[in-house]
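Notes follow once the structure below has been shown.
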Amino acid sequence: MNLELTPEERAFQAEVREFLEQSLTPELRLAGRRTTSVFSDKDDNLAWQKILHAKGWVAPAWPAKYGGTGWNEMQRYIFAAECARAGAPSLSPMGLKMVGPVIMGYGTEEQKAFYLPRILAGEDYWCQGYSEPGSGSDLASLQMRAVQDGDHYVLNGSKIWTTHAHWANRMFCLVRTRTDGKPQAGITFLLLEMNTPGIEVKPIVTMADDHEVNQVFFDNVRVPVANRIGEENEGWTVAKYLLEFERGGGSAAGLKVNLERLKSMAREEAADGGGRLIDDADFRRKLAIAGVEVDAIEMTEHRVMAALSSGKNPGPASSMLKTQGTEAKQRLDEIAVEGLGFYSAISQPEARKPRANVPFVGPEHGLTLVPTYLNNRAASIYGGSNEIQRDIMAKLVLKL
Ligand SMILES: Cc1cc2nc3c(=O)[nH]c(=O)nc-3n(C[C@H](O)[C@H](O)[C@H](O)COP(=O)(O)OP(=O)(O)OC[C@H]3O[C@@H](n4cnc5c(N)ncnc54)[C@H](O)[C@@H]3O)c2cc1C
């Protein structure tokens, strides 16, 4: 495996760096830095999306015929790594990375023509209605009913943990259209508008004091049959296709940024017995171990890149990267909270908003440590929990 970039790749990397340098305003960088979970707030991620859209770089993974960049795997990897390095706000994945590819793969020509340009431009803001109370890892057990009435389905039930449902104007969701037979065989994939009568969004405020997830209730909600993606009762195939795009942990580039921030914090903070935290032998040992883990993840990413570039499938490596990436992220958070101690524990949700003018207590890097720590506990749960990923690896790699 050759880890050196080719001259063309180096030129591409330089072009991306220059663009990011010019386009990322201080406000956008601050929004990136203050993000305590996967998602930046809607205003920030849409502001960045519009800049990328104007440049034609908003959808690196989409085919050029639908408005994507047409980049190869390596260019996409370089672009993602450079965005993380530069501290760009994260874009919402629900349109660009989830329902967009599904519409390309399973939508009708009318659905593609209507939805895809709107997703690219950020005109629609999507949320994902998969999980229900009682149906998470065992997604096929979902109960939300859709009964056909003329040219509409009538929906009753509830979705939970719906990220950004309070901001979204559209949802893609899984509904039960048949109750007999195998549970997987009675699921249908629907698109709906969040302002349809009968939909109620109730906030779930997390331990980090963030309002990111919601429970969404459906009471006789009428959705046109024309909004179905794929055939009735074949939504499970569509859902599984989408989950391939959802998996992802922390990229090595993002983890390296976290590690560097941690080191710069340790240079400023005092150690328990006097002196600087960065000079404390035990703390340095933890940083070194974390650094080796991040390097190992980077090597795995390169291996996957090499496989994809030669037309191979990453196979169970995506499960491995999800597990290792999220666990490395959580370890870095633990080291950071432990390093800063009391100042990381002050809850200041208003002060950490990028446009806030509320003075904060303690150093700026303390604002986000505990909320990030708490939010990232969820990283090993969403997108297929790490226990489920281990099951996949046990079956596919160890043949257990
Ligand atoms: C912050 C956050 C945002 C989310 N956003 C969305 C969203 O936008 N849309 C959406 O649809 N969903 C969303 N989810 C839901 C997420 O997909 C589910 O939480 C996840 O699938 C796990 O389901 P569950 O919470 O029902 O836990 P459960 O499935 O009940 O699992 C509980 C525990 O049991 C373990 N477990 C379950 N089954 C097995 C097994 N077979 N073998 C071994 N261990 C097992 C799990 O690993 C977990 O540790 C979000 C979740 C979080 C935390």
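When the sequence shown is numbered by numbering that gives the first Met the number 0, its final residue is 399 and no position is left out of the sequence of numbers.
Where is the CB? At the ideal position from N, CA and C, for every residue including glycine.
Computed from a predicted model, the values in this text were never measured in an experiment.
(1) My understanding is that F359 touches A350, with C-beta atoms under 8 Å, so please give their C-beta distance in whole angstroms.
(2) Pick from T195, S157 and L119: whose alpha carbon is nearest that of Q214?
(3) May I ask whether a heavy atom of ligand 1 can be found less than 7 Å away from the beta carbon of T24?
(4) If A269 sits next to L261, beta carbons under 8 Å apart, how far is it from one beta carbon to the other, in whole angstroms?
(5) Do you know offhand how far G365's Cα is from A344's?
(6) Have a look at F78 and R16 and give me their C-alpha separation to the nearest angstrom.
(7) Considering only residues of the same chain and omitting the five flanking positions on each side of G185, which have a CB-CB separation below 8 Å?
(8) In angstroms with no decimal places, state the Cα-to-Cα distance between A13 and I198.
(9) Figure out for me which residue from A87, A335 and N226 has the closest Cα to the Cα of E109.
(10) Ordered along the chain, which non-local residues of its own chain (more than five positions away) have a Cβ less than 6 Å from that of S39?
(11) Looking at T161 and ligand 1, is the gap between the Cβ and the nearest heavy atom below 7 Å?
(12) Straight-line CA distance for H210 to R84?
(13) Only counting runs of 4 or more residues, tell me where the alpha helix (DSSP H) segments fall wholly within the region 299 to 357, in order along the chain.
(14) Just to check my reading of the structure: N374 and S36 have Cβ atoms closer than 8 Å, yes? What is that Cβ distance to the nearest angstrom?
(15) Using DSSP bridges, identify the partner residues of G128.
(16) Which same chain residues, not among the five before or five after P313, have their C-beta less than 7 Å away from its C-beta?
(17) Exposed or buried, which one is V293 when buried takes at least 16 other CB atoms within 10 Å?
(18) For a minimum of 4 consecutive residues, which ranges assigned as the alpha helix (DSSP H) are wholly contained in the region 95 to 141?
(19) DSSP beta-bridge partners for L156?
(20) On a Cα-Cα basis, can you pick out the residue from A46, L4 and T5 that is closest to T24?
(21) Buried or exposed, going by whether 16 or more other CB atoms sit within 10 Å of the CB of V146?
(22) Taking only three categories from DSSP, how would you classify F38?
(23) Given 7 Å as the limit, tell me if E386 has its C-beta closer than that to any heavy atom belonging to ligand 1.
(24) Check whether the Cβ of G128 lies closer than 7 Å to any heavy atom of ligand 1, and answer yes or no.
(25) Buried or exposed for M298, going by 16 or more other Cβ atoms inside 10 Å?
(26) What are the boundary residues of the alpha helix (DSSP H) that E7 is part of?
(27) Quick check on DSSP: helix, strand or coil for I380?
(28) What separation, rounded to the nearest whole angstrom, lies between the Cα atoms of S140 and T325?
(29) Return the chain-ordered list of same chain residues with a C-beta closer than 6 Å to the C-beta of Q183, the five sequence neighbours on each side being excluded.
(30) Below 7 Å CB to CB, which residues in the same chain sit around I159 once its five sequence neighbours on both sides are set aside?
(31) Short of 7 Å in beta carbon distance, which residues of its chain neighbour L190, apart from the five on each side in sequence? Order them along the chain.
(32) Flag Y381 as yes when its Cβ comes closer than 7 Å to any non-hydrogen atom of ligand 1, and as no otherwise.
(33) So who's on the other strand from D150, going by DSSP bridges?
(34) Quick one: give me the first and last residue of the alpha helix (DSSP H) that F78 is part of.
Let's see:
(1) 4 Å
(2) S157
(3) no
(4) About 16 Å separates the two Cβ atoms, so there is no contact after all.
(5) 8 Å
(6) 9 Å
(7) R175, T176, R177, T178, D179 and N232
(8) 47 Å
(9) N226
(10) A30, P88 and S89
(11) yes
(12) 27 Å
(13) 316 to 339
(14) 4 Å
(15) C172
(16) V303, A306 and L307
(17) buried
(18) 99 to 105 and 108 to 120
(19) Note that residue 156 corresponds to Gly in the displayed sequence, not to Leu. Looking at the DSSP assignment, G156 forms a beta bridge with F217.
(20) A46
(21) exposed
(22) coil
(23) yes
(24) yes
(25) exposed
(26) P6 to S22
(27) coil
(28) 26 Å
(29) A139 and W235
(30) S130, E131, P132 and Q214
(31) R169, F171, N226 and I228
(32) yes
(33) In the DSSP output, where bridge partners are listed per residue, D150 has none listed.
(34) E72 to A85
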